[in-house]
Structure formats: structure tokens, C-alpha cells
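Numbering (full-length UniProt numbering), first residue to last: 1 to 374. Note that the Cβ used here is the ideal one computed from N, Cα and C, for glycine as well.
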């Protein structure tokens, strides 16, 4: 009798799971049809959705390019690749690849016709590590707790692959990682209605470098932001400029443009000022070769650079703030109390200079307007 009940219960669970899978609708998007999965009775997840062409081959180091040929149908039941990491402080649980421009959507299968607000999440990691999947950025628990919101997480390129600073790049291709974020927002605005989201009520938020990216976004797209609000958790628009402009102790100096050193180290020196040929040469090198060159030249901490489109100097940000030249949307901002601990902890003695950590947190990560408001 006990065995019969166990088998009956197992069969019930199997049928229930099968029922959930069958109830998850296939969503038509500009990337093709997406098959998702149920993560609870009230939440469906659509994972690993491409929002741009893979930035590989001739597209390596360039800004995102739109998808030209949508897939017939894509399996969106598992997370996709993470972008290439440099010195990630926490484990990355998915495969690293340059083919990483994917986003994830969590939505309620509710039958209501009312569109729901949308929240887009940008991960932190100093623009050198981070992923839209993994323990810290899997938004499943958020979506389960708030079925009234459609949640989206996005991957964007990092380190050398996202912030290649070569004179050969056109003005549309600088700071590719920041431009990835804009491409993802555009994709969400064009497609989120199919997931039950309201494209006119999109809020974008992030933490640390993700928060700084959000702030930079507000200045980069003041006239057509495509969003209705922003949330920054420990990050401000000039964060990438802090070591050079603010001389905050404890943070590594950006120093000169690392591209010439890395290019030379992988066998691509500049010859007769032919920057295009040099960049083409670097495109032929493997990830392992580039990673080795980064390590050999000790140029960790590659971040966005001033291009006066996606990133401005600190004085320019202050001028634009004073003149109101930013996206006029509500902003919720705050600072994580121990944001800078990671930068100053002594890993040999496992001790922390709390005074120095607090100085960096308040000087580098706190919103510029919040500092002035005091």
C-alpha cells in the first residue's frame, strides 16, 4: 500500500510538472519565438533571449548590432553564456563567451489584460565581471515575490571586450558595453508587451557599476530615454572617472589607455599609425591570448572611458546636472554601507581598514547630487 501511494504521488508530481510546462506560452519576439518555463504557479521565465547579434568575428569590439534573421524558435528554459570575466570575485555559474548578448524575462502568466510595469536590472562588478545569471542576479525570487512586475536582467560586455579604446573605432562603437545596455532597453521597449509588460512604464536599476551605468544612461539619452524611472544603488555617473578626477585612495588608478600595451603584447603593434590594421590584428587573437596580455601588463580594472557620448568627464557631468541636461525621470538613489570593503580588505591578514572603506564609499559611489544636497 505504501509503495502504491508513493508511486501515485510521484505520478501526480510528474503530471503537475508536465501541466506547468504545457501552460507556458511561446512568445513571439523580434528575436524569434521563445519557449519559456514555469518557475512557480505564478511565474514564468524566458531565459537566454538574444537582443543583438553575437559580437564575434568582424563585430568583435564594435557596438551592438540588431538581429537581422530571427530564429524560428529558441529554447529559453536555461540561462545562456556570461560575458568574458576578468578577476571575478564570485563564481560565475555559466559558460563564459564573447557570444553573450542575452537577456532574461520573468513574468506572471496571469490572464489579466492589464499591462504591468517593467524593471530592468544591471549587475555590478566594476565593469570587469558580473552576469545576468548566477546567485546574485537571478531574479526568480524577485519575480515570485512581486508578480505585479515584469523583471528583466541583461548581459553586457565587460573589461577589454566592452571598453576597447582604439582610435580605429567609430563614434558609434565606443564603450560597447554601455551601448549594449541601451540596445537591451530598446529591445525591451519593442518586445515586452508580448510578455505582459508595459513599454511605457520601464524602470532601470543597478548596483555598483550597474548603478553607475544607470546614471550614465540618464545623461547619454536625455531626449529619448525609453524609461520612466531609475534606481541607483551605490553608483554615480562619474564613478569610472573617480580615480583620475577625485584621487580617491584605495581604488586602482585607470592610468593611460591600456589598449596599446595589450595590442603589442598579443603581437599587434601599431605600424605607421595604421590603427585599423592594429585593431583587425587584435580581433584575430584568442580570449586566452588577450587574458594573458591583460595579466602580463597588470591592467585589471578596464572600465568605460570618456567619449563624450556615453561617458563624460566629472566637470561635464556637474555642468550637465546644473543645466538639467539629463533624462527627466524620477530617481531613487542610495549607497550600500560597505560598498568599498572589497577594495581595501587585506586578504593576507583578513583585516579591513573601515575608515578608508567609508571614505571610498562616500567619495566614489555616492550620488554627486546627494553629496551637494548635504
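Would you please state the rounded distance, in angstroms, between the beta carbons of residue i and residue j? I believe it to be under 8 angstroms.
{"i": "residue 24", "j": "residue 44", "result": "5 angstroms"}
{"i": "residue 155", "j": "residue 176", "result": "The pair is not a contact, with the Cβ atoms about 12 angstroms apart (cut-off 8 angstroms)."}
{"i": "residue 55", "j": "residue 101", "result": "6 angstroms"}
{"i": "residue 293", "j": "residue 266", "result": "5 angstroms"}
{"i": "residue 206", "j": "residue 124", "result": "7 angstroms"}
{"i": "residue 212", "j": "residue 184", "result": "Contact flag wrong, Cβ pair sits at about 16 angstroms."}
{"i": "residue 201", "j": "residue 117", "result": "4 angstroms"}
Is the beta carbon of residue i sitting closer than 8 angstroms to the one on residue j?
{"i": "residue 76", "j": "residue 94", "result": "no"}
{"i": "residue 51", "j": "residue 34", "result": "no"}
{"i": "residue 127", "j": "residue 303", "result": "yes"}
{"i": "residue 83", "j": "residue 161", "result": "yes"}
{"i": "residue 129", "j": "residue 190", "result": "no"}
{"i": "residue 305", "j": "residue 163", "result": "yes"}
{"i": "residue 365", "j": "residue 239", "result": "yes"}
{"i": "residue 27", "j": "residue 195", "result": "yes"}
{"i": "residue 166", "j": "residue 275", "result": "yes"}
{"i": "residue 122", "j": "residue 186", "result": "no"}
{"i": "residue 377", "j": "residue 279", "result": "Not covered by the structure: residue 377. The range shown for the chain is 1 to 374."}
{"i": "residue 229", "j": "residue 344", "result": "no"}
{"i": "residue 115", "j": "residue 198", "result": "yes"}
{"i": "residue 232", "j": "residue 203", "result": "no"}
{"i": "residue 63", "j": "residue 173", "result": "yes"}
{"i": "residue 263", "j": "residue 271", "result": "no"}
{"i": "residue 29", "j": "residue 49", "result": "yes"}
{"i": "residue 67", "j": "residue 85", "result": "no"}
Looking at C-alpha atoms only, which residue of the options is the closest neighbour of residue i?
{"i": "residue 182", "options": "106, 344, 310", "result": "310"}
{"i": "residue 234", "options": "37, 107, 32, 338", "result": "338"}
{"i": "residue 72", "options": "140, 263, 31", "result": "31"}
{"i": "residue 78", "options": "308, 122, 134, 118", "result": "134"}
{"i": "residue 60", "options": "332, 286, 351", "result": "286"}
{"i": "residue 110", "options": "149, 101, 140", "result": "149"}
{"i": "residue 222", "options": "265, 144, 321", "result": "321"}
{"i": "residue 99", "options": "137, 58, 116, 115", "result": "58"}
{"i": "residue 360", "options": "273, 141, 335", "result": "335"}
{"i": "residue 137", "options": "105, 316, 113", "result": "105"}
{"i": "residue 284", "options": "208, 268, 317", "result": "268"}
{"i": "residue 192", "options": "353, 327, 180, 119", "result": "119"}
{"i": "residue 219", "options": "301, 290, 142, 307", "result": "307"}
{"i": "residue 39", "options": "350, 354, 151, 144", "result": "144"}
{"i": "residue 315", "options": "188, 241, 142", "result": "241"}
{"i": "residue 180", "options": "358, 65, 351, 357", "result": "65"}
{"i": "residue 108", "options": "37, 208, 261, 74", "result": "37"}
{"i": "residue 356", "options": "341, 210, 349", "result": "341"}
{"i": "residue 210", "options": "257, 171, 261, 153", "result": "153"}
{"i": "residue 290", "options": "151, 74, 261", "result": "261"}
{"i": "residue 300", "options": "170, 257, 317", "result": "257"}
{"i": "residue 188", "options": "151, 170, 208, 273", "result": "151"}
{"i": "residue 327", "options": "224, 351, 298, 352", "result": "224"}
Sort out for me which residues DSSP pairs residue i with in a bridge.
{"i": "residue 119", "result": "151, 203"}
{"i": "residue 107", "result": "44"}
{"i": "residue 96", "result": "82"}
{"i": "residue 331", "result": "230"}
{"i": "residue 74", "result": "34"}
{"i": "residue 102", "result": "50"}
Cβ of residue i less than 8 angstroms from any chain B Cβ?
{"i": "residue 351", "result": "This model lacks chain B altogether; it includes just one protein chain."}
Whole runs of the beta strand (DSSP E) within the stretch 18–49, excluding any shorter than 3 residues: As far as the stretch 18–49 is concerned, its whole beta strand (DSSP E) runs of at least 3 residues are 26–29, 32–35, 37–40.
Going along the chain, which unbroken runs of the alpha helix (DSSP H) with 4 or more residues stay wholly within the stretch 270–305? DSSP runs (the alpha helix (DSSP H)) wholly in the stretch 270–305: 275–283, 287–296.
Which runs of the beta strand (DSSP E) spanning at least 3 residues fall entirely within the stretch 152–202, listed in chain order? Counting only runs of 3 or more, we get nothing.
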